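Working notes, structure below.
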Amino acid sequence: MKKIALLIVVVFSTFFVSCKYKKQAEYIKQLENAVKEDSLKRVAELEALKAEMQAKIDSLQAACQSGNPQGKFCVITGSFRIQQNADNYVQEMNKLGYKAQIVEAPNGFHLVSTYCASSLREALSELNNARSNIHPDSWIYVK
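Residue numbers (our numbering): 393 to 535.
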């Protein structure tokens, strides 16, 4: 009788331990799958960002190599959807001593430029000045 009771206890405890192990293994597998899916999403996001940055670099390189004297590099310190806001910002920049002007972007935005140059090197120099003195997120727009 003791042997049967002992056998029943061993069988039940083995079954219980194996169930617990099985649940842990399933949970670990679910975690691994979630991590793998998240990693794939992050890689896709990074690839999209890389492609976007490469397109911007290619655009700048094309503008620099075109040798087009009409092409200008404008330091943009403000970008507005509403014309009146852009006009107000131009007046504000002019009061501060800048020769601000509005550059119309193809996407409908009114870009406020505080400096336009015919060379990228000159525009980069003024960009550093604009980031230090006007707005830290200033950027260069190639016309």
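Even glycine gets a Cβ: it sits at the ideal position worked out from N, Cα and C. Computed from a predicted model, the values in this text were never measured in an experiment.
Cβ neighbours of residue i in the same chain (closer than 6 Å, five flanking residues each side left out)
i, result
"Y481", "G470, V504"
"A478", "F472, I494, H502, V504"
As assigned by DSSP and simplified to three states, the class of residue i
i, result
"L488", "coil"
"A497", "coil"
"I449", "helix"
"S471", "strand"
"I532", "strand"
"S505", "strand"
Spatial distance of residue i from residue j (CA atoms)
i, j, result
"E484", "E424", "55 Å"
"A522", "K428", "43 Å"
"P461", "A509", "Residue placement at P461 cannot be trusted, given a pLDDT of 46 that sits under 50; what the coordinates show is reported in the next sentence. Answer to the nearest angstrom: the Cα atoms are 10 Å apart."
"D529", "E437", "23 Å"
"P498", "A447", "17 Å"
"V534", "G489", "23 Å"
"K433", "Q422", "17 Å"
"D450", "E518", "22 Å"
Short Cβ contact (7 Å threshold) for residue i with residue j
i, j, result
"H502", "Q476", "no"
Beta-carbon contacts of residue i that lie in its chain and below 8 Å, excluding the five residues immediately before and after
i, result
"A515", "F465, C466, V467, Y507, C508, A509, I532"
Between the region 433 to 444 and the region 491 to 503, do three or more beta carbon pairs fall short of 8 Å? no
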